[in-house]
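Heads up, the sequence shown is in the working numbering, so the first residue is 27 and it goes up one at a time. Idealized CB from N, CA, C, for every residue including glycine. Keep in mind the model is a prediction, meaning the values are calculated, not measured. Worksheet: one structure, shown below.
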Amino acid sequence: MNVTVTSAYSTILKRHIAVLISIMFGRSGDHYAAHFCTLLEGIGYKEYNEFETKFPGNICDFSLGEKAGWEKAVRSTFKIDADVEIQLENSYKCCAVHFQRSVTRVKSSHSLVPRHKLEDFEHKINILLCKDSNRTDAERFYKTVEEIRKDFPLLKDWIN
(Lines of atoms letter the chains of each structure in order from A; the text may use other names.)
(Lines give C-alpha, C1' and ligand atoms only; values in the text may rest on other atoms or scores of the structure.)
Protein backbone atom coordinates (compact mmCIF):
# COMPACT_ATOMS: atom_id res chain seq x y z
CA MET A 27 0.00 0.00 0.00
CA ASN A 28 1.20 3.51 -0.73
CA VAL A 29 -0.19 7.02 -0.60
CA THR A 30 0.04 9.21 -3.68
CA VAL A 31 -0.41 12.95 -3.28
CA THR A 32 -0.82 15.54 -6.00
CA SER A 33 -0.39 19.11 -4.86
CA ALA A 34 -0.77 22.51 -6.47
CA TYR A 35 0.44 25.97 -5.57
CA SER A 36 -2.20 28.22 -4.05
CA THR A 37 -1.71 31.88 -4.90
CA ILE A 38 -4.07 32.74 -2.02
CA LEU A 39 -2.24 30.71 0.65
CA LYS A 40 1.14 31.24 -1.04
CA ARG A 41 2.09 27.59 -0.58
CA HIS A 42 1.52 24.14 -2.04
CA ILE A 43 -1.59 22.29 -0.91
CA ALA A 44 -2.78 18.74 -1.52
CA VAL A 45 -5.48 18.62 -4.18
CA LEU A 46 -5.74 14.83 -4.47
CA ILE A 47 -4.71 12.06 -2.10
CA SER A 48 -5.06 8.42 -3.15
CA ILE A 49 -4.42 5.24 -1.20
CA MET A 50 -3.14 2.73 -3.73
CA PHE A 51 -2.44 -0.97 -3.47
CA GLY A 52 0.26 -1.06 -6.12
CA ARG A 53 2.50 1.10 -8.28
CA SER A 54 1.64 -0.03 -11.77
CA GLY A 55 0.50 2.18 -14.62
CA ASP A 56 -3.08 1.11 -13.94
CA HIS A 57 -2.83 2.14 -10.28
CA TYR A 58 -1.47 5.57 -11.15
CA ALA A 59 -3.94 5.96 -14.04
CA ALA A 60 -6.83 5.75 -11.57
CA HIS A 61 -5.26 8.54 -9.48
CA PHE A 62 -4.50 10.75 -12.49
CA CYS A 63 -7.92 10.17 -14.11
CA THR A 64 -9.54 11.49 -10.95
CA LEU A 65 -7.23 14.50 -11.05
CA LEU A 66 -7.88 15.30 -14.71
CA GLU A 67 -11.63 14.79 -14.41
CA GLY A 68 -11.66 17.13 -11.42
CA ILE A 69 -9.85 19.86 -13.32
CA GLY A 70 -12.59 19.80 -15.94
CA TYR A 71 -10.87 20.39 -19.27
CA LYS A 72 -13.33 19.40 -21.99
CA GLU A 73 -10.93 18.89 -24.90
CA TYR A 74 -7.33 17.71 -25.23
CA ASN A 75 -6.36 20.99 -26.95
CA GLU A 76 -7.58 22.95 -23.92
CA PHE A 77 -5.58 20.65 -21.64
CA GLU A 78 -2.45 21.06 -23.78
CA THR A 79 -2.59 24.84 -23.72
CA LYS A 80 -3.78 25.47 -20.15
CA PHE A 81 -2.50 22.64 -17.94
CA PRO A 82 0.52 23.93 -15.97
CA GLY A 83 2.23 20.54 -15.83
CA ASN A 84 2.72 17.57 -13.56
CA ILE A 85 6.07 16.94 -11.88
CA CYS A 86 6.79 13.39 -10.79
CA ASP A 87 9.73 11.21 -9.92
CA PHE A 88 11.26 8.81 -12.44
CA SER A 89 8.70 6.04 -11.94
CA LEU A 90 7.78 4.21 -15.13
CA GLY A 91 4.48 3.28 -13.46
CA GLU A 92 3.65 6.94 -12.87
CA LYS A 93 4.57 7.88 -16.42
CA ALA A 94 2.52 5.03 -17.90
CA GLY A 95 -0.38 5.96 -15.61
CA TRP A 96 -0.20 9.59 -16.69
CA GLU A 97 -0.39 8.65 -20.36
CA LYS A 98 -3.27 6.21 -19.72
CA ALA A 99 -5.16 8.88 -17.79
CA VAL A 100 -4.67 11.52 -20.49
CA ARG A 101 -5.79 9.07 -23.19
CA SER A 102 -8.78 7.92 -21.15
CA THR A 103 -9.90 11.39 -20.07
CA PHE A 104 -9.72 12.85 -23.58
CA LYS A 105 -10.67 9.63 -25.43
CA ILE A 106 -7.45 9.38 -27.44
CA ASP A 107 -6.78 6.02 -29.09
CA ALA A 108 -3.55 4.19 -28.33
CA ASP A 109 -2.41 4.41 -31.97
CA VAL A 110 -2.59 8.23 -31.93
CA GLU A 111 0.71 9.87 -30.97
CA ILE A 112 0.50 12.44 -28.20
CA GLN A 113 3.21 14.68 -26.78
CA LEU A 114 3.41 14.54 -23.00
CA GLU A 115 6.62 16.55 -22.58
CA ASN A 116 4.77 19.74 -21.63
CA SER A 117 2.40 18.08 -19.18
CA TYR A 118 4.71 15.54 -17.53
CA LYS A 119 8.19 16.29 -16.21
CA CYS A 120 10.51 14.24 -14.07
CA CYS A 121 12.12 15.88 -11.09
CA ALA A 122 15.58 14.94 -9.88
CA VAL A 123 14.71 16.34 -6.43
CA HIS A 124 11.75 13.96 -6.08
CA PHE A 125 13.93 11.08 -7.23
CA GLN A 126 16.77 12.03 -4.86
CA ARG A 127 14.34 12.13 -1.92
CA SER A 128 13.18 8.68 -2.88
CA VAL A 129 16.81 7.51 -3.06
CA THR A 130 17.44 8.92 0.42
CA ARG A 131 14.44 7.02 1.83
CA VAL A 132 15.56 3.79 0.19
CA LYS A 133 19.17 4.14 1.35
CA SER A 134 18.07 4.63 4.95
CA SER A 135 16.47 1.18 5.00
CA HIS A 136 19.34 -1.24 5.43
CA SER A 137 17.06 -4.16 4.66
CA LEU A 138 16.72 -2.70 1.13
CA VAL A 139 20.27 -1.41 0.73
CA PRO A 140 22.62 -3.29 3.10
CA ARG A 141 25.37 -1.15 4.60
CA HIS A 142 28.11 -3.10 2.82
CA LYS A 143 26.45 -2.36 -0.56
CA LEU A 144 25.70 1.32 0.07
CA GLU A 145 28.68 2.67 -1.88
CA ASP A 146 27.84 0.48 -4.89
CA PHE A 147 24.20 1.59 -4.75
CA GLU A 148 25.20 5.27 -4.63
CA HIS A 149 27.55 4.76 -7.58
CA LYS A 150 24.74 3.22 -9.64
CA ILE A 151 22.37 6.06 -8.74
CA ASN A 152 25.02 8.59 -9.78
CA ILE A 153 25.20 6.87 -13.17
CA LEU A 154 21.42 7.21 -13.55
CA LEU A 155 21.62 10.89 -12.63
CA CYS A 156 24.65 11.46 -14.91
CA LYS A 157 26.78 12.45 -11.91
CA ASP A 158 29.74 10.22 -12.62
CA SER A 159 32.63 11.02 -14.94
CA ASN A 160 31.17 9.18 -17.94
CA ARG A 161 28.26 10.20 -20.13
CA THR A 162 25.13 8.11 -19.52
CA ASP A 163 23.48 7.11 -22.77
CA ALA A 164 20.26 5.09 -22.95
CA GLU A 165 22.11 1.76 -23.13
CA ARG A 166 24.17 2.49 -20.02
CA PHE A 167 21.11 3.82 -18.19
CA TYR A 168 19.05 0.66 -18.79
CA LYS A 169 22.05 -1.58 -18.05
CA THR A 170 22.46 0.19 -14.69
CA VAL A 171 18.76 -0.20 -13.92
CA GLU A 172 19.10 -3.94 -14.59
CA GLU A 173 22.14 -4.09 -12.30
CA ILE A 174 20.16 -2.41 -9.51
CA ARG A 175 17.35 -4.95 -10.01
CA LYS A 176 19.86 -7.82 -9.81
CA ASP A 177 22.05 -6.50 -6.97
CA PHE A 178 19.17 -5.11 -4.87
CA PRO A 179 16.26 -7.51 -5.48
CA LEU A 180 13.99 -5.85 -2.91
CA LEU A 181 14.15 -2.64 -4.98
CA LYS A 182 12.65 -4.13 -8.18
CA ASP A 183 9.31 -2.38 -7.69
CA TRP A 184 11.00 0.86 -6.62
CA ILE A 185 13.31 1.07 -9.64
CA ASN A 186 10.48 0.28 -12.03
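Worksheet item: Using the rule of at least 16 other Cβ atoms within 10 Å of the residue's Cβ for burial, across every protein chain shown, is Ser89 buried or exposed?
Response: Classification for Ser89: buried.
Fill in: Thr170 - containing alpha helix (DSSP H), residue span
Run containing Thr170: Ala164 to Asp177, per the alpha helix (DSSP H) assignment.
Discussion item. As a quick exercise: from Thr37, Leu144, Ser117 and Thr32, pick the residue whose alpha carbon is nearest that of Thr130.
Written reply: Nearest in C-alpha terms to Thr130, of all of Thr37, Leu144, Ser117 and Thr32, is Leu144.
Fill in: Distance CB(Leu180)-CB(Ser137) smaller than 8 Å
Yes; because the gap between Cβ atoms is below 8 Å, this pair is in contact.
Practice prompt. Under 8 Å by Cβ, that's how I've got Arg175 and Lys182 pegged, so tell me the actual separation to the nearest angstrom.
Written response: 5 Å
Item to complete: Compute the Euclidean distance between the alpha carbons of Gly55 and Thr79, then round it to the nearest angstrom.
Response: 25 Å
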